[in-house]
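Engineer: Dropping the structure in here first, questions after.
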Amino acid sequence: MLFMFKDKNVQKQPCEPECCYRNVSRADEGHSDDNYQFGTKLVCFEGEHMLRVKEEFIHIRCFCTHNNATVHEDFRAFIIPKKVSGSSIPSNKTRQNENDEVLNVYLIGLDSVSRLNFRRFLPNIEKLLIDKFHGIPMMGLNKIGVNTFPNMLAFLSGLQMDQLNQSLRKEPFDDLPFIWKEFSRLGYITMFNEDTPEIATFNYKKQGFYRTPTDYYLRPLYQAIEHSSYVKSRKTLCINKRPQIDFQLQLLQDFMNEATTPQFALLFSSALSHEGPLTYVKDMQDRLHQFLIWYKDTERYNSSIMLFFSDHGMRFGPVMRTELGGYESRMPFFYVLLPPWYAVRYPQRVRHLRANARRLTTFFDAHATLRHLLLEAVRSQCAQLSLLSVTSAFHRLSQPQGVVKDTAYQVQAFEEYVVQFVTTPGLGEFEATVRSRGGSAPPEELLSVVDVSRLDVYRGQSDCLKQRFDEMRFCYCQSLVQ
Ligand SMILES: [Zn+2]
1002 MLFMFKDKNV QKQPCEPECC YRNVSRADEG HSDDNYQFGT KLVCFEGEHM LRVKEEFIHI
1062 RCFCTHNNAT VHEDFRAFII PKKVSGSSIP SNKTRQNEND EVLNVYLIGL DSVSRLNFRR
1122 FLPNIEKLLI DKFHGIPMMG LNKIGVNTFP NMLAFLSGLQ MDQLNQSLRK EPFDDLPFIW
1182 KEFSRLGYIT MFNEDTPEIA TFNYKKQGFY RTPTDYYLRP LYQAIEHSSY VKSRKTLCIN
1242 KRPQIDFQLQ LLQDFMNEAT TPQFALLFSS ALSHEGPLTY VKDMQDRLHQ FLIWYKDTER
1302 YNSSIMLFFS DHGMRFGPVM RTELGGYESR MPFFYVLLPP WYAVRYPQRV RHLRANARRL
1362 TTFFDAHATL RHLLLEAVRS QCAQLSLLSV TSAFHRLSQP QGVVKDTAYQ VQAFEEYVVQ
1422 FVTTPGLGEF EATVRSRGGS APPEELLSVV DVSRLDVYRG QSDCLKQRFD EMRFCYCQSL
1482 VQ
């Protein structure tokens, strides 16, 4: 990894400056999420230099050689390629089948920005998302808990706080079913890029992760930055002269540029939006705009879904005494950015999404969307099945007027079809129960699949799925097809 080191301040010092860098890394893996360490090996250089850096995070210090006084300090992060741990999905470039739906998943969150404040303070972003990305704003998305943690927990794991069978303050979250773990097992490379380590989502009055949760995990770097006297003494929200959001987005861009396998990234930014003033939100606009324009022009846009969101709205201040304050607090902004071909290939999905955009939704719905994307990626490992033969079919009718005998319940009258069939390749035997409601709506809305059972043993056919999915019973691994 090459970078150019250049700082005008260094040149101006009345001294002979020398710079050295050292590694910054996570410490106490398996025991804590709060410790980092500096490497003992120093690499030093003078003047302007192109350096080859093998470390993921480095701390650079420049000093006058005659008195050792610090004249400059900085941190840098590099995307060093890593081995993917899960089963491997071929990259977008090498995949054979055009219908493979292995989308990169990018979640970009800004803490505490209501939908209304998003429109007030980031109007250029709103315009860009609507006009250029045809982004879909989930206008009825409500938070499900007070602050960051319950909402992000629901979004990322589908769990509510009271479902957690652990002490929030004393035990780490290593074993929770975060969605990035499942993407990782499918061969995605993962990044968790969150600033403000003191109040981080899973660390504020909590234990975080004792085991590194994602392939790229920025917490040790942000901790070192936070504790650096050089950065801190200026009481600035910047990292030297760079806004924190710039630091975070640049890392994400480097990550996106690097990819040969599908990616999952979560970027969550609190520094400029969590405590206000709200003008800080506006200060992010230009950099966010620049990032989104960059994204739109990359190959990534064509193979990715981006969810651009906040966890909740503003929770403090005089506005909370007003009726509007309730909406401000409860309704964060949330945009879905689909690849340009998606609406062409899946008009019905996008129609439903646009209908849901005007309904009341929560982070559990957002989680279900992530799960849907995961299943699309699962399916890409399985062969496309086609119908070989129907072996039996039954037609069942409910009681007239839908009365259920023995109880006082009235149910809507329905008809059911129970169909047994065989698919190829793999000669899988299935039984599907399909219910029809009658009426004049289009057939896809009148018929609903109640359940599909697998009737024969499928051991050996779905081994390519390295973890248990309900969908295993449908999967005939692509690798078994001659
Ligand atoms: Zn929050």
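Each residue of the sequence shown is one higher than the one before, starting from 1002 at the first, in our numbering. The C-beta atom is built at its ideal place from N, Cα and C for all residues, glycine as well. Note that the structure is a prediction, hence the values are computed from the model and not measured.
1) Applying the criterion that 16 or more other CB atoms from any shown protein chain within 10 Å of the CB defines a buried residue, is S1480 buried or exposed?
2) Leaving out five residues on either side along the sequence, give the residues of the same chain with a beta carbon under 6 Å from the beta carbon of L1268.
3) For T1280, is the beta carbon positioned less than 7 Å from some heavy atom of ligand 1?
4) Let me make sure I understand the geometry here. Which of G1314, L1389, F1395 and L1447 has the alpha-carbon closest to that of V1423?
5) Out of F1292, K1133, K1128 and C1239, which one is the CA nearest neighbour of Y1107?
6) Could you tell me whether the Cβ atoms of F1064 and V1072 are closer together than 8 Å?
7) What residue range does the beta strand (DSSP E) around S1437 cover?
8) What did DSSP end up calling Q1421 once you bin it into helix, strand or coil?
9) Can you tell me which residues form a DSSP beta bridge with Q1167?
10) Assuming L1238 contacts F1076 under a Cβ cut-off of 8 Å, what Cβ separation, rounded to an integer in Å, is found between them?
11) Taking 6 Å as the limit between beta carbons, can you name the residues of its chain near T1197, skipping five residues before and five after?
12) Rounded to the nearest angstrom, what separates M1473 and G1427 at their Cα positions?
13) What residue does the beta strand (DSSP E) around N1303 start on, and which one ends it?
14) Closer than 7 Å to a non-hydrogen atom of ligand 1 - does that hold for the CB of H1353?
15) Taking all protein chains shown into account, do 16 or more other C-beta atoms lie within 10 angstroms of the C-beta of W1342, making it buried, or fewer, making it exposed?
16) Does the segment 1323-1332 touch the segment 1112-1125, meaning 3 or more C-beta pairs lie closer than 8 Å?
17) Since Q1479 is in the alpha helix (DSSP H), which residue starts that stretch and which ends it?
18) Kindly indicate which three-state DSSP category L1219 falls into: helix, strand or coil?
19) What does the alpha-carbon distance come out to for the pair P1015 and E1049?
Structural biologist: Let me spell this out:
1) exposed
2) I1109, N1194, Q1249 and L1253
3) No.
4) L1389
5) F1292
6) yes
7) G1429 to S1437
8) strand
9) Under DSSP, Q1167 takes part in no beta bridge, so it has no partner.
10) No, L1238 and F1076 are not in contact; Cβ-Cβ is about 15 Å, not under 8 Å.
11) These residues qualify, in order along the chain: S1271 and A1272.
12) 13 Å
13) Taken as a continuous stretch (DSSP letters only), N1303 belongs to no beta strand (DSSP E), as it is neither H nor E.
14) Result no, Cβ not under 7 Å from ligand 1.
15) When all chains shown are included, W1342 counts as exposed.
16) yes
17) Per DSSP, Q1479 belongs to no alpha helix (DSSP H) and is neither H nor E.
18) coil
19) 17 Å
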